[in-house]
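Participant: Take a look at this one; I'll ask things after.
Residue numbers (this note's numbering), protein chains in the order written: chain A, 4 to 366; chain B, 116 to 398.
Structure follows, in structure tokens:
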């Protein structure tokens with residue numbers, strides 16, 4: 004068990020600067036998730052921690068040791084790969100025992116650890132099988148088992164669930180969480196799936212173009228995104244964005260956009276004071292919109308035309324046209340709405356997000 | 116499989132396949148029939164009555180017995196086997212390491228080197244034997260098995276390297292990365308993970324190399340001169356054709372017996388061989 008510190012980490016391949024000045028501290032026993040779109044540098048960062056990629060500049064510290072130059076085998080880490088990377092010619096037992104054999108553990112100790120891990124993962128009855136005789140979920144478990152038996156200081160996960168079907172993915176996600184709670188090993192987990200990031204991570208790192216955008220607990224990122232990218236990346240369906248102009252009408256701040264005319268409460272107006280007279284990006288999460296019957300009293304509603312109705316059972320997603328733009332509203336399943344209906348959507352001013360149009364940073 | 120009416124299956128599948136099989140196997144059949152045909156039938160003119168070119172009613176083993184007792188055929192077989200096995204082992208060893216290095220290690224000019232090796236494979240042996248003959252003479256290796264054992268790898272190593280390089284490339288990189296995180300050095304990862312997975316590729320490279328050296332003719336003809344050093348391919352054709360006299364029965368018996376080891380190896384490893392050439396690794 005150990006903390007991992009990444010200091011000013013850079014990686015360049017010839018012309019491409021893939022990872023730019025990443026600084027992170029992963030605390031002992033923490034489950035840290037790196038999330039971002041493909042090509043954002045998250046996997047490269049993980050592979051540098053593993054020692055599979057060389058570091059262009061910066062430091063990686065595992066425990067108390069700077070591991071920049073250490074080969075993977077000396078870093079005391081275990082890694083689970085996206086395609087499982089099970090050794091096809093070895094039985095499940097041998098797959099799990101391989102790391103221990105390489106490290107010259109005594110036979111009884113190897114046996115004890117393999118059986119213990121198999122017990123945790125519920126794969127005792129598969130120990131004699133070959134990987135090709137296993138289903139996707141079982142292979143995933145074996146790959147996990149191979150990491151667990153080593154009792155490493157840090158687990159590294161490289162999109163381990165993305166080859167599974169949707170249902171199994173949810174199941175394994177829960178299982179991973181349980182295993183981490185039980186073992187308490189520091190873990191770094193890379194994924195492009197924001198739901199995995201939100202559900203698994205103690206903290207989440209959002210990356211884009213090799214740069215860390217924001218680090219924090221999942222709900223903090225969700226509720227207080229540092230910039231427009233983080234706001235749009237986390238949450239499904241994604242946050243709605245609209246460009247609005249902020250104006251001062253008789254001491255009250257108004258946000259005016261296409262089809263939008265919102266009178267903002269004073270405390271929010273105060274926050275936006277420096278941007279009065281400018282264009283900003285307004286962000287509204289779909290679940291923060293509700294269908295209002297009649298005119299809302301506080302002036303925080305707008306008219307919309309329904310374009311698509313998606314009934315998901317637990318909620319309804321309404322794709323609506325506001326002015327010339329579109330928005331998505333996630334509303335209660337009891338709402339009766341049909342295509343081409345004219346609605347009024349009301350919003351909660353506390354839950355509005357504003358971003359600078361140029362820097363895209365939250366205001 | 117071809118679908119539809121029965122006649123379609125016959126016209127598009129069974130009949131063409133049948134023609135193809137007959138076409139392929141007829142020389143072997145001819146070899147077999149000739150080797151058991153008595154001399155009085157062999158040298159009978161076409162026009163003679165009761166002439167039956169495609170079978171014999173009086174099969175005899177006399178040619179085979181003559182071949183084994185009156186000639187050095189057994190010695191030639193032993194020579195060929197020794198030379199083929201040793202040169203195959205040398206080529207496989209070099210090919211394995213070179214193929215691994217070219218497919219996995221990053222070093223300057225790796226791509227050029229790979230292409231260069233392939234080009235050496237394309238140089239025809241009929242040109243290469245002239246300079247090689249000079250080298251063999253300088254090292255005083257003429258008329259010894261080592262003349263062939265050391266020259267066969269000139270075309271076997273490029274072949275093995277290329278076949279194995281392709282095979283290693285098909286093995287997911289993660290397997291090796293995982294082994295290295297698991298505590299294996301690159302050498303151990305290669306030995307315990309990559310090579311065992313590459314067994315089909317290694318076997319097919321080995322079989323092919325063995326076949327190439329077994330069937331090799333021009334180097335054997337040039338570098339070996341005394342009868343008891345010869346290989347089967349040269350021994351049979353040079354010792355059983357004297358001037359314009361062809362000992363057809365013994366020639367064919369020699370060809371038949373000489374092709375048995377290769378046929379034997381192929382029939383055992385055909386599945387590995389196909390897997391090796393089509394390069395399939397399932398995780």
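Ideal Cβ placement from N, Cα and C applies to all residues, glycine included.
Can you tell which of A:187, A:217, A:163, A:33 has its C-alpha closest to the C-alpha of residue 176 (chain A)?
Facilitator: As a working mapping, residue 176 (chain A) is identified with position 173 in the first chain. Selected option, being the one with the closest Cα: A:163.
Participant: Between which residues of its own chain and residue 206 (chain A) is the CB-CB distance below 7 Å, once the five residues before and five after are set aside?
Facilitator: Translated into the one-based positions of the first chain, residue 206 (chain A) becomes position 203. Cβ within range, chain order: 33, 35, 218, 219, 220.
Participant: Mind checking residue 273 (chain B): buried by the 16 CB within 10 Å criterion, or exposed?
Facilitator: Your numbering for residue 273 (chain B) matches position 158 in the second chain. Label assigned to residue 273 (chain B): buried.
Participant: Are the CB atoms of residue 131 (chain B) and residue 202 (chain B) within a distance shorter than 8 Å?
Facilitator: Translated into the one-based positions of the second chain, residue 202 (chain B) becomes position 87. Translated into the one-based positions of the second chain, residue 131 (chain B) becomes position 16. No, these two residues do not count as a Cβ contact at 8 Å.
Participant: Excluding the 5 residues preceding and the 5 following residue 248 (chain A) in the sequence, name in chain order all residues of the same chain whose CB lies nearer than 6 Å to its CB.
Facilitator: Counting from 1 along the first chain, the entry for residue 248 (chain A) is found at position 245. Only 259, 282 meet the Cβ criterion.
Participant: Could you name each continuous alpha helix (DSSP H) segment of 4 residues or more that falls completely within the segment 196-280 of chain B, going from the start of the chain to the end?
Facilitator: DSSP assignment within the segment 196-280 of chain B yields the following whole alpha helix (DSSP H) runs of 4 residues or more, N-terminal first: 225-237, 240-253, 260-266.
Participant: Closest by CA to residue 251 (chain A), which one among A:240, A:243, A:155, A:273?
Facilitator: Residue numbering aside, residue 251 (chain A) sits at position 248 when the first chain is read from its first letter. When each option's Cα is compared against that of residue 251 (chain A), the closest is A:273.
Participant: Contact defined as beta carbons within less than 8 Å: I believe residue 368 (chain B) pairs with residue 179 (chain B). What is the distance between those atoms, to the nearest angstrom?
Facilitator: Taking the first residue of the second chain as position 1, residue 368 (chain B) is located at position 253. Taking the first residue of the second chain as position 1, residue 179 (chain B) is located at position 64. Between residue 368 (chain B) and residue 179 (chain B) a beta carbon distance of about 5 Å is seen, short of the 8 Å cut, so the two are scored as contacting.
Participant: Quick check on this structure: which residue in A:21, A:40, A:16 has the alpha carbon closest to the alpha carbon of residue 236 (chain A)?
Facilitator: Taking the first residue of the first chain as 1, we reach residue 236 (chain A) at position 233. Of the listed residues, the one whose Cα sits closest to residue 236 (chain A) is A:40.
Participant: Alpha carbons only, please: which of B:386, B:324, B:137, B:303 is nearest the one belonging to residue 236 (chain B)?
Facilitator: Looking up residue 236 (chain B) in the second chain gives position 121. Closest option to residue 236 (chain B), Cα to Cα, is B:324.
Participant: Using 8 Å as the threshold, is the C-beta distance between residue 48 (chain A) and residue 25 (chain A) below it?
Facilitator: On the first chain, residue 48 (chain A) is found 45 positions in, with the first residue counted as 1. On the first chain, residue 25 (chain A) is found 22 positions in, with the first residue counted as 1. Against a cut-off of 8 Å, the Cβ pair of residue 25 (chain A) and residue 48 (chain A) comes out as a contact.
Participant: Flag residue 140 (chain A) as yes if its beta-carbon sits less than 8 Å from any beta-carbon of chain B, otherwise no.
Facilitator: The residue labelled residue 140 (chain A) in the question sits at position 137 within the first chain. No, because no Cβ of chain B sits closer than 8 Å to the Cβ of residue 140 (chain A).
Participant: If we count Cβ pairs, one from each stretch, closer than 8 Å, do we get three or more for the segment 313-321 of chain B versus the segment 254-264 of chain B?
Facilitator: no
Participant: Ignoring anything shorter than 4 residues or poking outside the segment 102-166 of chain A, list the alpha helix (DSSP H) runs there in chain order.
Facilitator: 110-124, 139-151
Participant: With DSSP as the reference, label residue 205 (chain A) as helix, strand or coil.
Facilitator: For the purposes of this step, residue 205 (chain A) is identified with residue 202 of the first chain, where counting begins at 1. The answer is coil: DSSP assigns residue 205 (chain A) none of H, G, I, E or B.
Participant: How big is the Cα-Cα spacing for residue 125 (chain B) and residue 382 (chain B)?
Facilitator: Taking the second chain and counting its residues from 1, the one referred to as residue 125 (chain B) is at position 10. Taking the second chain and counting its residues from 1, the one referred to as residue 382 (chain B) is at position 267. In a straight line, the C-alpha of residue 125 (chain B) is about 27 Å away from that of residue 382 (chain B).
Participant: So with Cβ pairs under 8 Å, would you call residue 303 (chain B) a contact of chain A?
Facilitator: The sequence position of residue 303 (chain B) within the second chain is 188, counting from 1. For residue 303 (chain B), the answer is yes, since a Cβ of chain A falls inside 8 Å of its Cβ.
Participant: Can you give me the start and stop residues for the beta strand (DSSP E) that residue 82 (chain A) sits inside?
Facilitator: Reading the first chain from its first residue, position 79 is the one you call residue 82 (chain A). Looking at the DSSP string, the run of the beta strand (DSSP E) that includes residue 82 (chain A) is 80-83.
Participant: Hey, residue 80 (chain A) and residue 157 (chain A) are a contact pair by Cβ (cut 8 Å); roughly how many whole angstroms apart?
Facilitator: Stepping through the first chain from its first residue, residue 80 (chain A) is reached at position 77. Stepping through the first chain from its first residue, residue 157 (chain A) is reached at position 154. Right, the Cβ-Cβ distance comes to about 5 Å (below 8 Å), so this counts as a contact.
Participant: Residues of chain B with a CB under 7 Å from the CB of residue 102 (chain A): which are they?
Facilitator: Taking the first residue of the first chain as 1, we reach residue 102 (chain A) at position 99. Ordered by position in chain B, the residues that pass the 7 Å Cβ test against residue 102 (chain A) are 297, 298.
Participant: Using only alpha-carbon positions, find the residue among A:292, A:88, A:354, A:232 that is nearest to residue 268 (chain A).
Facilitator: Along the first chain, one-based indexing puts residue 268 (chain A) at 265. Closest by alpha carbon: A:354.
Participant: Since residue 345 (chain A) meets chain B, which of its residues come closer than 9 Å, beta carbon to beta carbon?
Facilitator: Position 342 of the first chain, counted from the start, is the residue given in the question as residue 345 (chain A). Within 9 Å Cβ-Cβ: nothing; residue 345 (chain A) doesn't reach chain B, min ~55 Å.
Participant: Within the same chain, show all residues whose beta-carbon is closer than 6 Å to that of residue 152 (chain B), passing over the 5 residues directly before and after it, in chain order.
Facilitator: Within the second chain, residue 152 (chain B) is the residue found at index 37, counting from 1. Cβ within range, chain order: 171.
Participant: Would residue 164 (chain A) count as contacting chain B if we go by Cβ distances under 8 Å?
Facilitator: For the purposes of this step, residue 164 (chain A) is taken as the residue at position 161 of the first chain. Not one chain B Cβ lies under 8 Å of residue 164 (chain A).
Participant: So is residue 317 (chain B) in contact with chain A if we call contact Cβ pairs under 8 Å?
Facilitator: What you label residue 317 (chain B) is simply residue 202 of the second chain in a count that begins at 1. For residue 317 (chain B), the answer is no, since every Cβ of chain A falls outside 8 Å of its Cβ.
Participant: Within the chosen definition, does the segment 322-336 of chain B reach the segment 116-125 of chain A through at least 3 CB pairs nearer than 8 Å?
Facilitator: no
Participant: Under 8 Å, CB to CB, which of the residues in the segment 224-235 of chain A have a partner in chain B?
Facilitator: none
Participant: Is residue 349 (chain A) near residue 293 (chain A), with beta carbons less than 8 Å apart?
Facilitator: Here residue 349 (chain A) is taken as the residue at index 346 of the first chain, counted from 1. Here residue 293 (chain A) is taken as the residue at index 290 of the first chain, counted from 1. Contact: yes.
Participant: What in chain B is Cβ-close to residue 92 (chain A), meaning under 7 Å?
Facilitator: As a position in the first chain, residue 92 (chain A) is number 89, starting the count at 1. What residue 92 (chain A) touches in chain B: 311, 312.
Participant: Sort B:277, B:289, B:191, B:328 by Cα distance to residue 351 (chain B) and report the nearest one.
Facilitator: What you label residue 351 (chain B) is simply residue 236 of the second chain in a count that begins at 1. Of B:277, B:289, B:191, B:328, the residue nearest in Cα terms is B:191.
Participant: Counting only C-beta atoms, is residue 86 (chain A) closer than 8 Å to chain B at any point?
Facilitator: Here the question's residue 86 (chain A) lines up with position 83 in the first chain. Yes, residue 86 (chain A) lies at the interface with chain B (some Cβ there is under 8 Å from its Cβ).
Participant: What do you get for residue 145 (chain B), buried or exposed, if any count of 16 or more other CB atoms within 10 angstroms of its CB means buried?
Facilitator: To locate residue 145 (chain B), count along the second chain from 1; it is residue 30. With fewer than 16 other Cβ atoms within 10 Å, it is exposed.
Participant: Are the C-beta of residue 51 (chain A) and some C-beta of chain B separated by less than 8 Å?
Facilitator: Position 48 of the first chain, counted from the first residue, corresponds to residue 51 (chain A). Chain B, which has no Cβ nearer than 8 Å to the Cβ of residue 51 (chain A), makes this no.
Participant: Under a CB-based cut-off of 8 Å, is residue 424 (chain A) close to chain B?
Facilitator: Lying outside 4 to 366, the shown extent of chain A, residue 424 (chain A) is not represented and no answer is given.
Participant: So is residue 273 (chain B) in contact with chain A if we call contact Cβ pairs under 8 Å?
Facilitator: The residue you call residue 273 (chain B) lines up with position 158 of the second chain. For residue 273 (chain B), the nearest beta carbon of chain A is not closer than 8 Å to its own beta carbon.
Participant: Going straight from the alpha carbon of residue 94 (chain A) to that of residue 206 (chain B), what length do you get?
Facilitator: On the first chain, residue 94 (chain A) is found 91 positions in, with the first residue counted as 1. On the second chain, residue 206 (chain B) is found 91 positions in, with the first residue counted as 1. Their backbone Cα atoms lie some 31 Å apart in a straight line.
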